[in-house]
Amino acid sequence: MRSFITFVVVFAFLLLGSSLVRAQKADSTDRKWWKEAVVYQLYPRSFKDSDGDGIGDLKGIISKLDYIKSLGVDVVWLNPIYSSPNDDNGYDVSDYRNIMKDFGTMADFDALLKGMHERNIKLVMDLVVNHSSDEHEWFKQSRSSRTSPYREYYHWWNAERGQPPYRYSLFDVKHNAWRYDSLTNAYYLHYFSVKQPDLNWENPKVRHEVYDIMKFWADKGIDGFRLDAFQFAAKDTTFPAFPQGFEKNFTQYYGMQGNLHGYLQEMDKEVLSKYPIMSVAEGAGNTFEDAHNLVDTSRHELNMAYAFDAVDIAKPEGYSLLKFKNVFSRWDSAFAANGWLSVFLANHDQARMVSRFGNDSPQYRDLSSKMLTTFIMTMRGTPYYYNGDELGMTNAGFTKIEDYRDVQTLNEYKRQKSIGADLPQYLKRIGFESRDNGRTPFQWNNTTNAGFTKGTPWIAVNANYKTINAAAQEKSPASTLNYFKKVVKLRKDNLVLVYGKYTLLDASNPDTYSYTRELNGKKLLIMLNFRDKIANAQTGINVSNAKVLIGNYENPSKNGTLKPYEAVVYEL
Ligand code: NOJ
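Just so we're aligned, residue 576 is where the sequence shown starts under this note's numbering, counting upward by one.
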């Protein structure tokens, strides 16, 4: 009898469970853990230093796992932690199966992964395989002789053929992606810095080396890969001449070339399909079709696209909200039925979110950070949230070139100097947009160096750490940090925010951004004021009786009149 009752109870639970899942199931979209996740991007060099050398490390991250857990995020994307001479802060890998000395050891990595998994946090690794470091063994061999078995691992142009057709380099002092190497009288290709030679993906040996590396990490149990600069990996290796000035639109010439999709399909077959892991490639080509082809499930390539159209909008002179709304709305509609996107406003290659898209003045920093966070967490697509933005960390405020560490910023300075450009103007520009703005140490508390290190930090701590830091914000219920936690929880509790249909309202309003999200009879309205003044949203929806799910003011608007940088989410 007792076992019969148990059977009935278990059966009833199963039935209830499955109908709940059915009730939650999105109309047109398959449920996947990586769609429902909130990704927290962690820049290891600047997160937490455990040994006093001034550089963040894995043990430091381990010591902060409870903090990460407290945020409510479920995935961490870690920027590269492999062995590297650090020309580009780890994006120049010299050994893909080892940990960078500055960051610790493989035992530290194993402990980190274990600690994350114990807390139900997944780990996504950066995979940098458009290029390696010039100090990688492959490149050392490759450059040693024209007959080396590794020669074809990279792109070489023998000098007796004359000068190679111009290729633009993003980080080179002369913007020239070909570097002459006298050892074998040939040029090698580097789209990024001279110490980042591009790998030759046409060579099956290279591709299989990469798949083996991926398996090595996937077998350790990591949960995903972010493929760095992968849209550039395939090249037309006949190296035709490009039209003059092509560099102004270089992604049209560099992105999604040759057999890139074929390589991704092979990668899926060899690695990705064999593990329960997620995949995202940096850059999504030049058209929606390119982006779709990357993530259309029937093509078996990647899980989600990560496109730059939106983050490219912010300029020192400001940006148009109409353009911003247009970009996000176009991307959403292009992916409404098919494919999946990432949603982000910052990463380690951008200056700080609040300084670029919000308002980092003392009066509005907190409010505008919260507003932007509300935006990220209420859009369709997986949110990628950059560490420190949950505190409303701001641009660095550097004024001298000596303050900067980033290879791109420093090499461009040399170039500007060499062409006699207006250097104070350049310093002003990088004050707004240099990547180092987003790389200053995480502000843990108000002790020396913001509690990041007991040594000398590799890059200066932002002077505002005494007021903007995690310890102070943890204690204050209304802080930027606590708001972030609430809005993450709101997303996790409301599947409509993940899968729900997005509809833009009041499209031509230059000051406010309003939209609804709808799923299975549930409808939310999000209203955001992007200005430092009162603005009226004309949504045509009466919110006077709507339930406020979250807002960044104590008394949220009940009539469409939004206070400066106000954000409100209503349930209708
Ligand atoms: C994109 C990365 O996000 C960036 O930090 C890096 O410098 C380049 N790719 C080159 O790897």
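Ideal Cβ positions, reconstructed from N, Cα and C, are used throughout, including at glycine.
Subject >> Alpha-carbon spacing of K610 relative to P999, whole angstroms >> reply: One-based indexing of the sequence shown puts residue 610 at position 35. One-based indexing of the sequence shown puts residue 999 at position 424. K610 and P999: Cα-Cα distance of roughly 44 angstroms.
**OP:** Put T826 into one of helix, strand or coil per three-state DSSP.
**Re:** Mapped onto the sequence shown, residue 826 falls at position 251. Here T826 sits in helix by DSSP.
**OP:** Have a look at E1146, E1008, E845, R1066 and flag the residue whose alpha-carbon is nearest the alpha-carbon of A921.
**Re:** Mapped onto the sequence shown, residue 921 falls at position 346. It is E1008.
Subject >> Test item, CB below 6 angstroms from any non-hydrogen atom of the ligand NOJ >> reply: D663, Y666, V703, F767, D803, A804, E857, H923, D924
Subject >> Burial state of P1016, where buried means 16 or more other Cβ atoms lie within 10 Å >> reply: Taking the first residue of the sequence shown as position 1, residue 1016 is located at position 441. By the 10 Å Cβ count, P1016 comes out buried.
Original post:
Apart from the five residues on each side of it in sequence, which residues of its chain come closer than 6 angstroms, Cβ to Cβ, to K795?
Top reply: Residue mapping note: residue 795 aligns to position 220 of the sequence shown, counting from 1. Closer than 6 angstroms at Cβ, skipping near neighbours: no residue.
**OP:** Could you tell me which uninterrupted beta strand (DSSP E) segments, each at least 3 residues in length, are contained entirely in the segment 723–778, listed from first to last along the chain?
**Re:** 731–733, 753–756, 761–764
Subject >> Simplified DSSP assignment, three categories, for Q840 >> reply: As a first step, residue 840 is located in the sequence shown; it is residue number 265 there, counting from the start. Correct three-state label for Q840: helix.
Subject >> Enclosing beta strand (DSSP E) for P958 [first to last residue] >> reply: Residue numbering aside, residue 958 sits at position 383 when the sequence shown is read from its first letter. Looking at the DSSP string, the run of the beta strand (DSSP E) that includes P958 is 957–961.
Subject >> Contact belief for N775 with Y728 at Cβ below 8 angstroms, rounded distance in angstroms >> reply: Indexing the sequence shown from 1 puts residue 775 at position 200. Indexing the sequence shown from 1 puts residue 728 at position 153. Right, the Cβ-Cβ distance comes to about 6 angstroms (below 8 angstroms), so this counts as a contact.
Original post:
Between the C-alpha atoms of Y850 and G799, what's the straight-line distance to the nearest angstrom?
Top reply: One-based indexing of the sequence shown puts residue 850 at position 275. One-based indexing of the sequence shown puts residue 799 at position 224. Spanning the two alpha carbons is a distance of roughly 9 angstroms.
Original post:
Between Y755 and Y762, is the Cβ-Cβ spacing less than 8 angstroms?
Top reply: In the sequence shown, the residue the question calls residue 755 occupies position 180. In the sequence shown, the residue the question calls residue 762 occupies position 187. Yes; because the gap between Cβ atoms is below 8 angstroms, this pair is in contact.
Subject >> Under the three-state DSSP convention, the category N913 falls into >> reply: The count along the sequence shown starts at 1 and reaches residue 913 at position 338. If DSSP states are grouped into helix, strand and coil, N913 belongs with coil.
Original post:
Taking 8 angstroms as the CB-CB cut-off, is F919 touching chain D?
Top reply: Absent from the structure is chain D; it holds one protein chain and no more.
Original post:
What did DSSP end up calling G1013 once you bin it into helix, strand or coil?
Top reply: As a working note, residue 1013 is residue 438 in the sequence shown. Three-state DSSP puts G1013 in a helix.
Original post:
DSSP beta-bridge partners for Y1090?
Top reply: The residue given as residue 1090 occupies position 515 in the sequence shown. Looking at the DSSP assignment, Y1090 forms a beta bridge with L1079, I1101.
**OP:** Would you kindly report the start and end of the unbroken alpha helix (DSSP H) that includes K989?
**Re:** Counted from its first residue, the sequence shown places residue 989 at position 414. From DSSP, the alpha helix (DSSP H) with K989 extends over 982–993.
Original post:
Which residues share a DSSP beta bridge with W652?
Top reply: Here residue 652 refers to the residue found at position 77 of the sequence shown. DSSP, once it has assigned bridges, lists Q616, V699 as partnering W652.
Original post:
If you draw a straight line from the alpha carbon of S603 to that of V651, how long is it in whole angstroms?
Top reply: Walking along the sequence shown from the start, residue 603 turns up at place 28. Walking along the sequence shown from the start, residue 651 turns up at place 76. Because S603 carries a pLDDT of 46, less than 50, the predicted location of this residue cannot be relied on, and the following value inherits that uncertainty. Computed Cα separation, rounded: 27 angstroms.
Original post:
Alpha carbon to alpha carbon, how far is H875 from K989?
Top reply: In the sequence shown, counting from the first residue as 1, residue 875 sits at position 300. In the sequence shown, counting from the first residue as 1, residue 989 sits at position 414. If you take the alpha carbons of H875 and K989, they lie about 44 angstroms apart.
Original post:
With C-beta atoms as the reference, is N1111 less than 8 angstroms away from G1135?
Top reply: Here residue 1111 is taken as the residue at index 536 of the sequence shown, counted from 1. Here residue 1135 is taken as the residue at index 560 of the sequence shown, counted from 1. Yes, Cβ-Cβ distance for N1111 and G1135 is below 8 angstroms.
**OP:** Could you say which of P891, Y961, A885, N868 lies nearest to W915 if we only look at CA atoms?
**Re:** Translated into the one-based positions of the sequence shown, residue 915 becomes position 340. Among P891, Y961, A885, N868, the Cα nearest to that of W915 belongs to N868.
**OP:** Classify W608 as buried or exposed, calling it buried when 16 or more other Cβ atoms lie within 10 Å of its own Cβ.
**Re:** Residue numbering aside, residue 608 sits at position 33 when the sequence shown is read from its first letter. It is exposed - the Cβ of W608 has fewer than 16 other Cβ atoms within 10 Å.
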